[in-house]
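1 is the number of the first residue of the sequence shown in this note's numbering; add one for each residue after it.
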Amino acid sequence: MKKMICSTLLAASAALAAQGAAVQDKPQDWLSSIKDALIVYESDETLVSKVQFTIRQQFQVAAVQPSGSNGAHLRRGAGPRNQEFRRSWIGANVDFRTGTRFHVWARVGGLPERNTFPNGRNKKNYSYTNLFDIWVKQNISSVKGLSFRVGKLSPLFTTEYIASSSVYPCVDRSVVGGQHGLDSNWGVEAMYEPSKNDKLFLQLLANDRAPTGKNYTHSDAYRDGRGLKGEFGWEDKFYGIVGGQHKFLISEEGYHMVSAQYTHDFDNTYSRNHATDGANCYGINVQDAISLGYEIKQGKWTLTTNLVANFDMRNAEGSHNVGIMFLPVYALTPHVDLVFRYAGVTGDGSCKLGADRYVCTQTPSPTWVDSIHSFYFGADFYASARDKSAAKLMLGAEYLTSRKDGANSYCGWEFTSAIRCNF
Numbered sequence: 001m002k003k004m005i006c007s008t009l010l011a012a013s014a015a016l017a018a019q020g021a022a023v024q025d026k027p028q029d030w031l032s033s034i035k036d037a038l039i040v041y042e043s044d045e046t047l048v049s050k051v052q053f054t055i056r057q058q059f060q061v062a063a064v065q066p067s068g069s070n071g072a073h074l075r076r077g078a079g080p081r082n083q084e085f086r087r088s089w090i091g092a093n094v095d096f097r098t099g100t101r102f103h104v105w106a107r108v109g110g111l112p113e114r115n116t117f118p119n120g121r122n123k124k125n126y127s128y129t130n131l132f133d134i135w136v137k138q139n140i141s142s143v144k145g146l147s148f149r150v151g152k153l154s155p156l157f158t159t160e161y162i163a164s165s166s167v168y169p170c171v172d173r174s175v176v177g178g179q180h181g182l183d184s185n186w187g188v189e190a191m192y193e194p195s196k197n198d199k200l201f202l203q204l205l206a207n208d209r210a211p212t213g214k215n216y217t218h219s220d221a222y223r224d225g226r227g228l229k230g231e232f233g234w235e236d237k238f239y240g241i242v243g244g245q246h247k248f249l250i251s252e253e254g255y256h257m258v259s260a261q262y263t264h265d266f267d268n269t270y271s272r273n274h275a276t277d278g279a280n281c282y283g284i285n286v287q288d289a290i291s292l293g294y295e296i297k298q299g300k301w302t303l304t305t306n307l308v309a310n311f312d313m314r315n316a317e318g319s320h321n322v323g324i325m326f327l328p329v330y331a332l333t334p335h336v337d338l339v340f341r342y343a344g345v346t347g348d349g350s351c352k353l354g355a356d357r358y359v360c361t362q363t364p365s366p367t368w369v370d371s372i373h374s375f376y377f378g379a380d381f382y383a384s385a386r387d388k389s390a391a392k393l394m395l396g397a398e399y400l401t402s403r404k405d406g407a408n409s410y411c412g413w414e415f416t417s418a419i420r421c422n423f
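Okay, here's the thing in structure tokens:
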């Protein structure tokens with residue numbers, strides 16, 4: 001009996017030792033190594049439970065190629081190619097045992113790479129440094145799923161802009177989402193998530209105003225009109241967004257999800273008759289707007305749709321427009337996605353062609369047209385199948401057509417590629 005007990009103990013000890021050795025010898029992949037290295041502090045016994053740095057980078061290149069009757073439609077002094085550091089951010093999350101999180105994203109924009117072409121000459125984009133996000137979030141322990149945020153926040157409007165830039169499958173968002181010129185604004189947010197499948201939120205936001213000498217459409221406004229530098233004032237911009245989403249028919253193969261948001265500008269500062277000259281209007285760019293979204297995931301397919309209606313567009317020749325976006329993605333392999341996107345906007349004199357990042361920079365086409373249609377074809381290559389947002393190469397080609405006053409305006413291709421990482 002004694003020999004049997006000893007043998008059993010020895011066998012158990014050997015098994016535990018072998019298991020421990022296997023765990024110790026198991027190699028850690030590169031993604032886990034980077035994420036672990038960004039955690040600078042972690043403890044369950046102190047008020048501050050975790051401190052973690054975050055990094056987001058994106059460098060992209062583009063070529064604008066007008067076609068057909070406007071084949072010569074490049075701005076005087078402009079070439080077809082452009083490039084820029086679309087994002088160069090470093091941030092941090094500090095978590096507390098009280099259910100509190102402090103979050104900050106500091107960004108360096110421009111890194112003078114992107115070209116603009118005012119008055120027939122090449123001009124490098126200004127560099128700027130500011131805070132894209134800086135907020136404090138508090139979870140309310142007495143109500144499951146309820147939290148509040150205050151600080152500089154990203155507006156949650158349109159299906160495209162609710163998705164983080166780290167996971168969005170195209171190099172840039174479409175002309176439908178781009179109609180609003182969204183950027184982070186100061187304000188407060190109430191978020192209620194009673195389950196992982198349901199979400200309701202309310203945001204009240206205001207922009208910070210640039211000095212009157214700055215032009216809100218030009219990159220030099222970045223230097224003085226954003227971050228903590230501008231003159232903050234609710235009189236320039238005060239708008240609200242209310243929205244929610246619901247996920248249903250959930251299975252191992254996928255899910256369905258509906259979402260909706262409504263926004264209203266309370267101060268009417270974007271009305272053509274009430275706009276403040278020189279105001280740096282990084283906001284919703286419209287008096288009222290509604291967005292409806294539907295997303296389906298089934299096996300290797302994901303389809304995202306978005307319908308947006310805008311009323312009283314800022315500085316537009318017309319009053320309202322309607323846009324629709326279809327975005328199917330097919331997972332060819334765990335490391336490769338194929339992407340297609342159709343985006344269309346229609347409305348007499350109220351469709352913002354300037355919503356396209358490079359067409360508005362390099363062509364003399366009018367900012368406001370009657371209709372826009374774009375077709376994006378792309379492929380994304382992921383370094384990690386476990387976390388696709390960590391590092392990827394994105395290749396895209398988009399054909400865009402527009403019409404104004406019954407005639408073709410800008411028509412042509414835009415070829416873009418980007419390297420994006422997010423840790």
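Positions of the beta carbon are idealized from the N, C-alpha and C atoms, including for glycine.
The model shown is predicted, which means the values in this text are computed figures rather than measured ones.
Local conformation of residue i per DSSP, three classes
i, result
"Arg223", "Note that Arg223 scores 39 on pLDDT, short of 50, meaning its location in the model is unreliable; the coordinates nonetheless yield the value given after this. Arg223 falls in the helix class under three-state DSSP."
"Ser291", "strand"
"Lys196", "coil"
"Cys360", "helix"
"Tyr168", "coil"
"Glu160", "helix"
"Leu353", "helix"
"His180", "helix"
"Ala383", "coil"
"Leu249", "coil"
"Ser33", "helix"
"Pro155", "coil"
"Pro366", "coil"
"Arg81", "strand"
"Asn315", "coil"
"Gln261", "strand"
"Lys388", "coil"
"Pro66", "strand"
"His335", "coil"
"Ser174", "coil"
Other residues of its chain near residue i: CB distance less than 8 angstroms, five sequence neighbours each side excluded
i, result
"Asp405", "Asp370"
Bridge-paired residues (DSSP) for residue i
i, result
"Asp44", "The partner list for Asp44 (beta bridge, DSSP) is empty, contrary to what the question assumes."
"Lys404", "Ala407"
"Lys137", "Arg101, Arg149"
"Phe284", "According to the sequence shown, residue 284 is Ile rather than Phe. Answer is none; Ile284 lacks a bridge partner."
"Leu303", "Ile296, Pro328"
"Ser88", "Gln57"
"Val242", "Leu202, Tyr262"
"Arg420", "Gln58, Lys392"
"Val322", "Ala309, Thr346"
"Ser374", "Ala343, Leu400"
"Arg107", "Trp89, Asn130"
Same chain, Cβ closer than 7 angstroms to residue i, neighbours up to 5 away in sequence not counted
i, result
"Ser147", "Lys137, Gln138, Asn139, Ile140, Met191"
"Phe381", "His335, Val336, Lys392, Leu393"
"Trp135", "His103, Arg149, Val150, Gly151, Lys152, Leu153"
"Phe423", "Ile34, Lys35, Leu38, Thr54, Ile55, Ala390"
"Tyr358", "Ala62, Val64, Asn82, Glu414"
"Ser253", "What sits at residue 253 in the sequence shown is Glu, not Ser. Excluding positions up to five away in sequence, the list reads Gln298, Gly299."
Proximity winner among the options, relative to residue i (alpha-carbon distances)
i, options, result
"Ser154", "Ser43, Gly181, Cys170, Val143", "Gly181"
"Ser49", "Val40, Ser409, Ile55", "Val40"
"Phe85", "Gly323, Arg56, Ala92", "Arg56"
"Ser291", "Arg101, Thr159, Asp44, Leu327", "Thr159"
"Phe238", "Asn321, Lys199, Asp265, Thr305", "Asp265"
"Gln287", "Arg314, Thr304, Gly187, Lys300", "Arg314"
"Ala309", "Lys300, Thr302, Ser319", "Ser319"
"Asn82", "Thr361, Tyr410, Leu249, Thr367", "Thr361"
"Asp44", "Arg97, Ala206, Gly145", "Arg97"
"Leu200", "Gly145, Gly177, Glu252, Ser251", "Gly145"
"Thr416", "Trp30, Gln58, Leu47, Asp29", "Gln58"
"Ile250", "Ala289, Asn285, Gln298, Gly243", "Gln298"
"Val176", "Phe377, Leu353, Arg101, Asn185", "Leu353"
"Lys300", "Tyr255, Ala355, Asn285, Asp356", "Tyr255"
"Asp29", "Arg386, Ala355, Tyr410", "Arg386"
"Leu338", "Ser67, Asp95, Tyr168, Trp105", "Tyr168"
"Phe311", "Ala379, Thr263, Ser365", "Thr263"
"Gly178", "Ser166, Cys351, Tyr376", "Cys351"
"Ala418", "Gly412, Cys411, Gly378", "Gly378"
"Leu156", "Lys196, Tyr399, Gln203", "Gln203"
"Ser174", "Arg420, Ala355, Val143", "Ala355"
Contacting residues, own chain, Cβ-Cβ under 6 angstroms from residue i (five flanking each side not counted)
i, result
"His373", "Gly344, Thr401"
"Gln52", "Leu38, Ile39, Asn93"
"Leu307", "Leu292, Ile324"
"Lys388", "Tyr382"
"Asp348", "Gly318, Asp370"
"Gly412", "Gln65, Pro66, Ser67"
"Glu42", "Lys50"
"Tyr399", "Phe375, Trp413"
"Thr305", "Tyr294, Phe326"
Any non-hydrogen atom of the ligand MG closer than 7 angstroms to residue i Cβ
i, result
"Lys35", "As far as ligands go, the structure on display features none, and thus does not contain the ligand MG."
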